[in-house]
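Same order as they appear, the protein sequences are chains A and B.
Position 269 (the first sequence) corresponds to 278 in this note's numbering; numbering is contiguous.
Position 410 (the second sequence) corresponds to 419 in this note's numbering; numbering is contiguous.
Positions of the beta carbon are idealized from the N, C-alpha and C atoms, including for glycine.
Please read these numbers as outputs of a predicted model, since none were measured by experiment.
There are 2 protein chains.
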Amino acid sequence: MDKLKILDRIFNPKTVAVVGDKLLNNNYMWLQGVKTFQGKVYSVNIDPKEAVGIEALGIKNYPSILDIPEPVDYAFVSIPREVIPTFLRDCAKKKVGGVALFTSGYGETGSPEGRRLQEELMKLVPELGVTLIGPNCVGVFNPKIGLGNGPELYHGTGGPVGFISQSGRNLLDFAGLAYQHGIKISKGISYGNAYFYDSPDFLEYLAKDEETRIIGIYIEGIKDGRRLFKLLQETTPKKPIVIWKGGQTEAGARATSSHTGSLAESSKVWQTVIRQSGAIEADGIEELVDITKLLLCLPQPRGYRIGIISMNGGQCVAMADTFSRVGLEVPLLTEKSYQQLSEIFKAVGSSYKNPIDMGLPWYLLQAFKPALEILGCEERIDTVVVEIPALFIKMAQDIYPDFANLIYGTIFDFEKTVGKPLLVMLPPSFHEEAEREVRERFLQGNIPTFSNYSRAAKALKKVVDYYLH
Amino acid sequence: MDKLKILDRIFNPKTVAVVGDKLLNNNYMWLQGVKTFQGKVYSVNIDPKEAVGIEALGIKNYPSILDIPEPVDYAFVSIPREVIPTFLRDCAKKKVGGVALFTSGYGETGSPEGRRLQEELMKLVPELGVTLIGPNCVGVFNPKIGLGNGPELYHGTGGPVGFISQSGRNLLDFAGLAYQHGIKISKGISYGNAYFYDSPDFLEYLAKDEETRIIGIYIEGIKDGRRLFKLLQETTPKKPIVIWKGGQTEAGARATSSHTGSLAESSKVWQTVIRQSGAIEADGIEELVDITKLLLCLPQPRGYRIGIISMNGGQCVAMADTFSRVGLEVPLLTEKSYQQLSEIFKAVGSSYKNPIDMGLPWYLLQAFKPALEILGCEERIDTVVVEIPALFIKMAQDIYPDFANLIYGTIFDFEKTVGKPLLVMLPPSFHEEAEREVRERFLQGNIPTFSNYSRAAKALKKVVDYYLH
Numbered sequence: 010m011d012k013l014k015i016l017d018r019i020f021n022p023k024t025v026a027v028v029g030d031k032l033l034n035n036n037y038m039w040l041q042g043v044k045t046f047q048g049k050v051y052s053v054n055i056d057p058k059e060a061v062g063i064e065a066l067g068i069k070n071y072p073s074i075l076d077i078p079e080p081v082d083y084a085f086v087s088i089p090r091e092v093i094p095t096f097l098r099d100c101a102k103k104k105v106g107g108v109a110l111f112t113s114g115y116g117e118t119g120s121p122e123g124r125r126l127q128e129e130l131m132k133l134v135p136e137l138g139v140t141l142i143g144p145n146c147v148g149v150f151n152p153k154i155g156l157g158n159g160p161e162l163y164h165g166t167g168g169p170v171g172f173i174s175q176s177g178r179n180l181l182d183f184a185g186l187a188y189q190h191g192i193k194i195s196k197g198i199s200y201g202n203a204y205f206y207d208s209p210d211f212l213e214y215l216a217k218d219e220e221t222r223i224i225g226i227y228i229e230g231i232k233d234g235r236r237l238f239k240l241l242q243e244t245t246p247k248k249p250i251v252i253w254k255g256g257q258t259e260a261g262a263r264a265t266s267s268h269t270g271s272l273a274e275s276s277k278v279w280q281t282v283i284r285q286s287g288a289i290e291a292d293g294i295e296e297l298v299d300i301t302k303l304l305l306c307l308p309q310p311r312g313y314r315i316g317i318i319s320m321n322g323g324q325c326v327a328m329a330d331t332f333s334r335v336g337l338e339v340p341l342l343t344e345k346s347y348q349q350l351s352e353i354f355k356a357v358g359s360s361y362k363n364p365i366d367m368g369l370p371w372y373l374l375q376a377f378k379p380a381l382e383i384l385g386c387e388e389r390i391d392t393v394v395v396e397i398p399a400l401f402i403k404m405a406q407d408i409y410p411d412f413a414n415l416i417y418g419t420i421f422d423f424e425k426t427v428g429k430p431l432l433v434m435l436p437p438s439f440h441e442e443a444e445r446e447v448r449e450r451f452l453q454g455n456i457p458t459f460s461n462y463s464r465a466a467k468a469l470k471k472v473v474d475y476y477l478h
Numbered sequence: 010m011d012k013l014k015i016l017d018r019i020f021n022p023k024t025v026a027v028v029g030d031k032l033l034n035n036n037y038m039w040l041q042g043v044k045t046f047q048g049k050v051y052s053v054n055i056d057p058k059e060a061v062g063i064e065a066l067g068i069k070n071y072p073s074i075l076d077i078p079e080p081v082d083y084a085f086v087s088i089p090r091e092v093i094p095t096f097l098r099d100c101a102k103k104k105v106g107g108v109a110l111f112t113s114g115y116g117e118t119g120s121p122e123g124r125r126l127q128e129e130l131m132k133l134v135p136e137l138g139v140t141l142i143g144p145n146c147v148g149v150f151n152p153k154i155g156l157g158n159g160p161e162l163y164h165g166t167g168g169p170v171g172f173i174s175q176s177g178r179n180l181l182d183f184a185g186l187a188y189q190h191g192i193k194i195s196k197g198i199s200y201g202n203a204y205f206y207d208s209p210d211f212l213e214y215l216a217k218d219e220e221t222r223i224i225g226i227y228i229e230g231i232k233d234g235r236r237l238f239k240l241l242q243e244t245t246p247k248k249p250i251v252i253w254k255g256g257q258t259e260a261g262a263r264a265t266s267s268h269t270g271s272l273a274e275s276s277k278v279w280q281t282v283i284r285q286s287g288a289i290e291a292d293g294i295e296e297l298v299d300i301t302k303l304l305l306c307l308p309q310p311r312g313y314r315i316g317i318i319s320m321n322g323g324q325c326v327a328m329a330d331t332f333s334r335v336g337l338e339v340p341l342l343t344e345k346s347y348q349q350l351s352e353i354f355k356a357v358g359s360s361y362k363n364p365i366d367m368g369l370p371w372y373l374l375q376a377f378k379p380a381l382e383i384l385g386c387e388e389r390i391d392t393v394v395v396e397i398p399a400l401f402i403k404m405a406q407d408i409y410p411d412f413a414n415l416i417y418g419t420i421f422d423f424e425k426t427v428g429k430p431l432l433v434m435l436p437p438s439f440h441e442e443a444e445r446e447v448r449e450r451f452l453q454g455n456i457p458t459f460s461n462y463s464r465a466a467k468a469l470k471k472v473v474d475y476y477l478h
């Protein structure tokens, strides 16, 4: 059977076994993570004391995987290293679809014992023909069918973003942070030490997966770099791929070595590979989220030229500087636009060269919609950036109830009718509640928001680069 | 009378007049901002209808500032440009201590009318001998005496950070964002177009102000650059100064021109001035907060070498890369430290080269305190960075109630006994509530927290540069 079919069974299991989950260590964290799974969940735990706690959760426990009275598609395993070989022999007998091994302490420790156990595993697994992800990983996340690897993640609804992560924490963090911005996961995988299944295997799967439109990757090391490069090259024209490579500095490489046993490669080689393959490079978990958000929400930008509308002169300065510095342009507009803008901004105190400073006074708010329309038609502008403080919208709601709806409605309409990319800046605010509320409201209209100008500018530059090169 | 004495009266007024505040435009925003002022507040509004609303707030309103039955130390003014000359003549008669003029629409508009009014003001104010801050500014913030310029800011408690801002919004935002991280303001000022009082005047004042230990500045343009440079040079050895210069790009300079009428200067000249004066350059409001936070909380770092303790391998990689990239070092430790660490980390799954990956298992938590102590004594480490997810602490509280206290206690003790700088990373989290709670708890022990590694690294690098150069 080919790897894609095997992965298909693991990503879409009907029966899941959680092996070795414990109260003592983690309050049955792994069982909590699959309690919403729409298929069947079994527990395997040899300790009769733990079995009592597990059955109290409403989950049937067996002392051996062989005792489970039906086929097992996917097993998530957290048992001591010493008993892994015995367990894997049981898996082979049981014809388990795939095993994700959380257990760590192999080659990545650098210890003789760790290396010995790694060699044993490398020999045993192919002999038995067991499908093994990891070790040192948290396995599969498929929220649509309620299959998770942490009690804190969402379930019951999936999305268009596939995520391949060598680190378990980065998978969990990406899924959670992205969800805050309305981005949901189709399939996620943490693959740890990658002894048998490596990033290209998962990339090949997600490249063909119909639910996946965008792919995010966190990678520490790679065995077959050529295969990864080829797959990236083939996939990026159809599905944008965002890659964060961990361990690009000497200290970082030291950390990947002890984390997943990944060897250092030259950071320049990596950057070249990523760029030449057409993928987008990210420098951390937050940039992964930022870029994915823009890829998902924005219509395709045609160029680097930004038109800025702001409620405040100080923010105009900050945004103009920040967007210019990363290589985007904040150009002057055409005479035609200036004539139209001068009709709108007859009142004193506003400036409309670009950035367009609306000025705070409320009576200028009627100018917002026409100003946005002018930027929508402006041939010199490729992407529109609107700055509006979350607290301003909240306070306005109390004084002029229609005001917030005017803002949201105008922006949502722009997206629909003009088809030009639009980002909303909710500038850094100490009113966290207001920011969250307003961000969620914009999300309902598929409008990406940012509170850090620098992050917005860097992510937008990379996304325009992707579409234009 | 010299400028310092004049400013002293304005920064510490006993009587304040708010002139021209309105329900229609802003729901008496300015009066709301001074409702907690510990001295006396009067309103001046010529409109009898507005007077009714103002008196309903419990504030005495007069149609003219001349009617106020006692001396006025500070007047905040938001009235139409056309009546400003008449009003200023009244102020001269009344011997008002100082006027902050919110009204805008002068030279910064670029219009003939704006320039004409500017010239009129430039002639009239020196003639009358009135002290005028602005125009186009929000004036003084002195939270200790309850004198503010927005209803959303804190009152009744001051701190050691003075803030000079050409933009009003940046003053409000800095004050609010800094407060989230336990940083309070001694005196803040927004000075707008700076026709009469410019940044050097305020800097000279804050340099001598006993309440002020650290000074932040947001500046768009400067008339007397030599005076600013000289003052910076004199002050930075005694009080650290953090400067954000707005308008360093072409588009940014276009925005400062229409915001406060500030002319463009070469960004290279500015950077040289800032560095040679011993000040610290910041690139935005968030970096202003980050750097100020470190200056305020950390003991003086002796060098660039960072020791990292983390709960997770993926975070070790990200931090090692991020801190290395900005020019900090994540070095190997001495043999002595490795011997001690090997005693602690007998369990498998942890790595302690630096970064020190504690591993997630709970039983390793007893190793946290001794590992921290080893880094405290390690001669090759200048600053310690501890990464611990906020949610992890929160969850631990439920399972092992003493655990969170162990973490907090150990970190607070380190600060007190070792005297080496320590930063806590609360990595980017989708559990905003947990993050806020844990951040506030660390603040009680004066420990700075960051959720973005890149921001932490950049700010720390700049702070070490400041102390070492």
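- Cβ contact (3+ pairs, closer than 8 Å) linking the stretch 23 to 39 of chain A and the stretch 213 to 228 of chain A: no
- Quick one: grab the DSSP three-state call for Met404 (chain B). Locating residue 404 (chain B) in the second sequence gives position 395, counting from the first residue. Of the three classes helix, strand and coil, the one that applies to Met404 (chain B) here is helix, per DSSP.
- CB contact flag (Gly159 (chain A), Met38 (chain A), <8 Å): What you label residue 159 (chain A) is simply residue 150 of the first sequence in a count that begins at 1. What you label residue 38 (chain A) is simply residue 29 of the first sequence in a count that begins at 1. Closer than 8 Å, so yes.
- Message: Quick check: is the beta carbon of Tyr417 (chain A) nearer than 8 Å to any beta carbon in chain B?
- Response: Residue numbering aside, residue 417 (chain A) sits at position 408 when the first sequence is read from its first letter. No - not a single Cβ of chain B is within 8 Å of the one on Tyr417 (chain A).
- Smallest Cα separation from Ala187 (chain B): which of A:Ala466, A:His440 and A:Gly418? Taking the second sequence and counting its residues from 1, the one referred to as residue 187 (chain B) is at position 178. Minimum Cα distance to Ala187 (chain B) is reached at A:His440.
- Query: DSSP on Ile456 (chain B), reduced to helix/strand/coil?
  - Reply: For the purposes of this step, residue 456 (chain B) is identified with residue 447 of the second sequence, where counting begins at 1. If DSSP states are grouped into helix, strand and coil, Ile456 (chain B) belongs with coil.
- Are the beta-carbon atoms of Ser267 (chain A) and Asp366 (chain B) separated by less than 8 Å? In the first sequence, the residue the question calls residue 267 (chain A) occupies position 258. In the second sequence, the residue the question calls residue 366 (chain B) occupies position 357. In contact: Ser267 (chain A) and Asp366 (chain B) (Cβ atoms closer than 8 Å).
- Residue burial classification, Glu442 (chain A) (beta-carbon count within 10 angstroms, cutoff 16): Here the question's residue 442 (chain A) lines up with position 433 in the first sequence. Result: exposed.
- Item | Spatial distance of Gly191 (chain A) from Gly312 (chain B) (CA atoms) | Translated into positions along the first sequence, residue 191 (chain A) becomes position 182. Translated into positions along the second sequence, residue 312 (chain B) becomes position 303. If you take the alpha carbons of Gly191 (chain A) and Gly312 (chain B), they lie about 42 Å apart.
- Task: To the nearest angstrom, report how far apart Val53 (chain A) and Val81 (chain A) are at their CA atoms.
- Result: Translated into the one-based positions of the first sequence, residue 53 (chain A) becomes position 44. Translated into the one-based positions of the first sequence, residue 81 (chain A) becomes position 72. Cα to Cα, Val53 (chain A) sits roughly 12 Å from Val81 (chain A).
- Task: Count the other C-beta atoms from every protein chain shown that fall within 10 angstroms of the C-beta of His478 (chain A), then say buried if there are 16 or more, exposed otherwise.
- Result: Taking the first residue of the first sequence as position 1, residue 478 (chain A) is located at position 469. So His478 (chain A) ends up on the exposed side.
- Contacts around Asn363 (chain A), its chain only, beta-carbon distance under 7 Å, and the 5 residues preceding and following it disregarded: As a working mapping, residue 363 (chain A) is identified with position 354 in the first sequence. Cβ within range, chain order: Gly316, Ile317, Val339, Pro340, Leu341 and Leu342.
- Message: Using a Cβ-Cβ distance cut-off of 8 Å, determine whether Lys429 (chain A) contacts chain B.
- Response: The residue given as residue 429 (chain A) occupies position 420 in the first sequence. Judged by the 8 Å Cβ criterion, Lys429 (chain A) is not in contact with chain B.
- Cβ of Leu110 (chain B) within 8 Å of Cβ of Phe150 (chain B)? Residue 110 (chain B) sits at position 101 when you count from the first residue of the second sequence. Residue 150 (chain B) sits at position 141 when you count from the first residue of the second sequence. No, the pair does not count as a contact, with Cβ atoms beyond the cut-off.
- Message: Check this for me: beta carbons of Val170 (chain B) and Ile223 (chain B), under 8 Å apart or not?
- Response: The count along the second sequence starts at 1 and reaches residue 170 (chain B) at position 161. The count along the second sequence starts at 1 and reaches residue 223 (chain B) at position 214. In this structure, Ile223 (chain B) lies closer than 8 Å to Val170 (chain B) by Cβ.
- Would you say Val339 (chain B) reaches chain A, if we count a Cβ-Cβ gap shorter than 8 Å as a contact? Taking the first residue of the second sequence as 1, we reach residue 339 (chain B) at position 330. For Val339 (chain B), the answer is yes, since a Cβ of chain A falls inside 8 Å of its Cβ.
- Message: Tell me the residue span of the beta strand (DSSP E) that contains Asn179 (chain B).
- Response: Along the second sequence, read from residue 1 onward, the residue named residue 179 (chain B) stands at position 170. Unbroken run through Asn179 (chain B) is the alpha helix (DSSP H), Gly177 to Gln189; no beta strand (DSSP E).
- Task: Closer than 8 Å, Cβ to Cβ, to anything on chain A: give me those residues from the stretch 179 to 194 of chain B, in chain order.
- Result: Asn179, Asp182, Gly185, Leu186, Tyr188 and Gln189
- Query: For chain B, is any of its Cβ atoms less than 8 Å away from the one on Ile408 (chain A)?
  - Reply: Reading the first sequence from its first residue, position 399 is the one you call residue 408 (chain A). Output row for Ile408 (chain A): interface = yes.
- So does the stretch 458 to 472 of chain B actually touch the stretch 422 to 433 of chain B, counting three or more Cβ pairs closer than 8 Å? yes
- Task: Express the C-alpha separation of Asn35 (chain B) and Ala413 (chain B) in angstroms, rounding to a whole number.
- Result: The residue labelled residue 413 (chain B) in the question sits at position 404 within the second sequence. The residue labelled residue 35 (chain B) in the question sits at position 26 within the second sequence. Their backbone Cα atoms lie some 45 Å apart in a straight line.
- Task: Please check if any C-beta of chain A sits within less than 8 Å of the C-beta of Gly322 (chain B).
- Result: Position 313 of the second sequence holds residue 322 (chain B). Output row for Gly322 (chain B): interface = yes.
- Glu122 (chain A) beta carbon near the ligand ADP (any heavy atom closer than 7 Å): Among the ligands in the structure shown, none appear at all, so the ligand ADP cannot be discussed.
- chain B beta carbons: is any one of them nearer than 8 Å to that of Lys467 (chain A)? The count along the first sequence starts at 1 and reaches residue 467 (chain A) at position 458. No, Lys467 (chain A) lies away from the interface with chain B (no Cβ there is under 8 Å from its Cβ).
- Task: Within its chain, find whatever has a CB closer than 8 Å to the CB of Leu350 (chain A); leave out the 5 residues flanking it on each side and keep chain order.
- Result: Along the first sequence, one-based indexing puts residue 350 (chain A) at 341. Within the same chain, Leu350 (chain A) has close Cβ partners Leu342, Tyr361, Ile365, Ala380 and Ile383.
- Query: What does Pro437 (chain A) reach in chain B if we use C-beta pairs closer than 7 Å?
  - Reply: On the first sequence, residue 437 (chain A) is found 428 positions in, with the first residue counted as 1. Simply Asp182, Leu186, Ile294 and Glu295.
- Message: Using a Cβ-Cβ distance cut-off of 8 Å, determine whether Cys306 (chain A) contacts chain B.
- Response: As a working mapping, residue 306 (chain A) is identified with position 297 in the first sequence. By this cut-off, Cys306 (chain A) is not an interface position.
- Task: Verify whether the separation of the beta carbon atoms of Leu400 (chain A) and Leu374 (chain A) is less than 8 Å.
- Result: For the purposes of this step, residue 400 (chain A) is taken as residue 391 along the first sequence, with counting starting at 1. For the purposes of this step, residue 374 (chain A) is taken as residue 365 along the first sequence, with counting starting at 1. Taking 8 Å as the Cβ cut-off, Leu400 (chain A) and Leu374 (chain A) do not qualify as a contacting pair.
- Buried or exposed for Ala65 (chain A), please, with buried defined as at least 16 other CB atoms from any protein chain shown within 10 angstroms of its CB. The count along the first sequence starts at 1 and reaches residue 65 (chain A) at position 56. Ala65 (chain A) should be labelled exposed.
- If we cut at 8 Å on Cβ distances, does Glu449 (chain A) have a partner in chain B? Here the question's residue 449 (chain A) lines up with position 440 in the first sequence. Taking Cβ atoms only, chain B never reaches closer than 8 Å to Glu449 (chain A), which makes this a no.
- Query: Residue range of the alpha helix (DSSP H) that Thr331 (chain A) falls in?
  - Reply: Taking the first residue of the first sequence as position 1, residue 331 (chain A) is located at position 322. Gly322 to Arg334 is the extent of the alpha helix (DSSP H) around Thr331 (chain A).
- Task: Using a cut-off of 7 Å between C-beta atoms, extract the partners of Ala380 (chain B) located in chain A.
- Result: Within the second sequence, the letter at position 371 stands for residue 380 (chain B). Within chain A, no residue comes near Ala380 (chain B); the closest Cβ sits about 15 Å away, beyond 7 Å.
- Task: Evaluate contact between the stretch 253 to 260 of chain B and the stretch 92 to 112 of chain B, counting only Cβ atoms and requiring at least three cross-stretch pairs below 8 Å.
- Result: no
- Query: Alpha carbon to alpha carbon, what distance is there between Ile397 (chain B) and Leu452 (chain B)?
  - Reply: Stepping through the second sequence from its first residue, residue 452 (chain B) is reached at position 443. Stepping through the second sequence from its first residue, residue 397 (chain B) is reached at position 388. When rounded, the distance between both Cα atoms is 15 Å.
- Message: Quick check: what's the CA-CA separation for Glu352 (chain B) versus Leu305 (chain B)?
- Response: To locate residue 352 (chain B), count along the second sequence from 1; it is residue 343. To locate residue 305 (chain B), count along the second sequence from 1; it is residue 296. Roughly 36 Å separates the two Cα atoms.
- Mapping DSSP to helix, strand and coil, what is Thr392 (chain A)? Locating residue 392 (chain A) in the first sequence gives position 383, counting from the first residue. Residue state, collapsed to three classes: strand.
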